Each structure stands twice: as structure tokens, then as C-alpha cells.
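Residue numbering for the sequence shown follows UniProt numbering, starting at 682 and increasing by one per position.
Don't be surprised by glycine CBs; every beta carbon is placed ideally from N, CA and C.
Fair warning: this is a prediction, and the values are worked out from it, not measured in the lab.
Right, one structure below, let's go through it.
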Amino acid sequence: LHIEGDLRNALEREEFTLHYQPQVDLRSGQIVGVEALIRWQHPELGMVPPVRFIGLAEENGLIVPIGAWVIRTACLQNKVWQESGFGHLRMSVNLSARQFAQEDLVDSIAVSLREANLAPEYLEIELTESLVMADVDRAIGILRELKALGVQLSIDDFGTGYSSLSYLKRFPIDVLKIDRSFVNDITIDPDDAAIVASVISLAHSLRLDVIAEGVETEEQLTYLREHNCDQIQGYFFSRPVTAEAFSVMLKDGK
Ligand code: G
Ligand code: G
Ligand code: MN
Ligand code: NA
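Following this line, the structure appears as C-alpha cells:
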């Protein structure tokens with residue numbers, strides 16, 4: 682198998698697709714956001730999950746054009762949903778370190794927004810702690826440029842990386858996403874329950890919204906609601922699904 686060679690041709694062969702996972706507001710019960718997650722439909726291997734190619738694409742730099750395709754496609758899709766009258770969702774995309782290092786990142790995002798005619802507030806960029814902590818001063822500069830553009834910023838997988846609270850305060854972010862490894866055991870492990878409750882109040886003290894990831898059960902949802910978590914994302918509500926299936930969810934007002 683020549684995964685790497687195939688990966689080089691996958692973009693022009695249009696083998697990538699995005700799946701979409703809803704983010705649900707715990708007060709209204711409405712879908713208010715959506716995370717775009719890439720999938721690779723390989724001609725022989727079938728659906729290749731991102732864990733099998735994102736790391737490789739980061740190493741060989743292909744993540745830069747692939748990531749640009751993700752942002753462009755996600756913006757266009759979000760505009761389609763807005764024009765279909767399905768409401769105004771915040772569309773999140775994952776950014777890799779390699780993309781963050783590109784000189785033209787902000788410009789390229791601006792171009793995608795303009796081409797889709799999408800208002801910037803409906804695009805959210807997900808960054809990990811390690812990505813922003815690698816070079817804090819540079820990161821703050823870029824985050825400020827992105828905020829000036831008008832997009833939303835979130836910290837993904839929060840709690841799994843290393844970031845000090847003083848830096849968290851300096852980053853102009855809007856949303857914290859609590860990593861699913863903490864959410865997983867909140868109903869059985871008192872330590873995880875305490876961590877999640879603390880992160881929620883920490884985030885609120887810093888005027889950030891909080892999304893709990895990987896919510897799979899009603900019990901987890903109940904705990905999160907009782908602790909004032911803002912939004913949830915996870916299999917309990919829906920797996921990541923195709924654009925068509927997501928449209929049906931929106932149409933049914935699920
Ligand atoms: O969709 P899920 O199955 O399996 O994603 C696995 C991992 O791949 C997650 O860490 C997710 O953030 C990452 N991932 C999914 N889509 C993208 C993408 O478009 N860009 C980047 N950089 N990572 C992605
Ligand atoms: O790293 P990031 O948070 O971007 O990755 C999101 C990943 O989490 C994707 O692989 C997505 O498929 C997965 N995911 C989303 N909801 C759940 C869930 O409820 N349980 C589990 N185990 N994985 C989930
Ligand atoms: Mn993510
Ligand atoms: Na995550």
C-alpha cells in the first residue's frame with residue numbers, strides 16, 4: 682500500500698469529504714454549532730479515518746492544501762445551510778500546527794469566507810493547547826488577526842495539553858472544548874467530575890463558552906447541565922454524519 686503517494690493525489694481526485702457533528706445548546710436544546718471532520722474515501726481501502734492520514738499529512742506538509750480545502754468546503758456548506766433557511770450555525774474546523782505556521786493563514790481564511798459569502802462570525806477555528814503554546818507571542822499575534830477578521834476561536838481537547846492559566850487569559854479565544862477523556866468518566870470518577878466542573882466555572886469566569894466533547898450518555902448530559910455547561914457534542918446526540926444526513930437533522934429541527 683502506498684498511502685503517502687495516494688494522499689498526494691487525493692485532493693485533485695476529490696477523494697476527501699467532510700462529515701459534520703452537531704453541537705447542541707443545553708438550554709435551548711437546539712443545534713447551534715457543527716464541527717467539520719475530514720474523511721478520505723480511498724478507491725481501494727474505502728473510508729480511511731483521519732487518525733491514519735492527518736499525522737502523515739502534517740509530516741509531509743500536505744495538511745496545508747488539505748486544510749485549506751477543509752476550510753473552503755466548510756464555509757461553502759455553512760452558507761448552503763443558511764440559504765436553505767436552516768439557521769445560522771457556527772462551523773468549527775480543526776487547524777493543524779503546520780497550517781498555523783503558514784504566513785498566509787489569515788489571508789487564506791479571509792478568501793474562503795469571501796468566496797462563500799459567509800459572515801466571519803459563523804466560522805470557528807479550533808486550536809490545540811500545544812499549537813498555541815509552541816510560540817506564545819507569535820500565537821497571540823495571529824489569534825488577534827483572526828479575531829480582527831471576525832472569526833470565532835476555540836481551544837480543542839482542553840485539559841490534555843499544557844497551557845497555563847495566565848496564557849489562557851491572554852489568548853483572545855471564545856470557547857473551551859473539554860476533552861472527551863474527562864467527560865467519559867464524569868459519572869463514575871469523582872476526580873474527572875471535579876475537573877469538568879472546575880473547567881466549566883474557570884471558562885465562565887474568563888467569559889468563555891464551554892463545550893463538552895464525547896458526550897455519550899444521558900447521565901453525562903445531566904451532570905453537564907447541572908454544572909452549567911453551555912453546549913455538548915457527542916454520540917449521545919449524533920455521530921459525525923454526511924452533509925445530506927446533517928441537512929435532514931436540521932430540517933427535522935432535531
Ligand atoms: O473525526 P475523528 O474521527 O475521527 O477525528 C480524529 C482526529 O482527526 C481528531 O483529532 C480530529 O481533530 C482530527 N481531524 C479531523 N478532521 C480534521 C481536519 O480537517 N483537520 C485536522 N487538522 N484534523 C482533523
Ligand atoms: O480532536 P477532536 O476533538 O477534533 O476530535 C473529535 C473526534 O472525536 C472525532 O474523531 C469524532 O469522531 C470523535 N467523537 C465525537 N463524539 C464522540 C463521542 O461521543 N465518543 C467518542 N468516543 N468519540 C467521539
Ligand atoms: Mn476538534
Ligand atoms: Na477534542
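With a cutoff of 7 Å on beta-carbon distance, N909 and I881 are scored as near each other. Here P703 is bridged, per DSSP, to V715.
Per the coordinates, the alpha-carbon of G840 lies some 23 Å from the alpha-carbon of L804. At a threshold of 6 Å, L849 does not count as near ligand 1, since its beta carbon sits no closer than that to any of the ligand's heavy atoms. With contacts defined as CB atoms closer than 7 Å, Q780 and G748 qualify as a contacting pair. Here M772 is buried, its C-beta having at least 16 other C-beta atoms within 10 Å. Screening all residues for a C-beta within a distance smaller than 5 Å of any heavy atom in ligand 3 leaves N775, E807 and D837, in chain order. G727 carries a strand assignment under DSSP once its states are collapsed to helix, strand and coil. Looking at E810, Q833, M814 and I823, the one whose alpha-carbon comes closest to that of D788 is I823.
Between E696 and the set P703, Q704, Q702 and D687, the nearest pair of CA atoms involves D687.
Selection S845, N798, S835 and G768 evaluated against S928 yields G768 as nearest (Cα-Cα). Under the 10 Å beta carbon count, L827 is surrounded by 16 or more other beta carbons and is classified as buried.
By the Cβ-count criterion, N775 is buried, with 16 or more other Cβ atoms from all chains shown falling within 10 Å of its own Cβ. Counting only unbroken stretches of 4 or more residues, the alpha helix (DSSP H) elements lying wholly within the segment 850–918 are 861–864, 871–886 and 899–907, in sequence order.
In the structure shown, F839 adopts extended strand secondary structure according to DSSP, grouped into three states. The Cβ neighbour count for T903, taken over all protein chains shown within 10 Å, is under 16; the residue is labelled exposed. N775 is bridged by DSSP to E807. Secondary-structure assignment with DSSP links Q722 through a beta bridge to M728. Take E802, set aside five residues on each side of it, and the residues of its chain with a beta-carbon closer than 8 Å to its own are R771, G831, V832 and Q833, in chain order.
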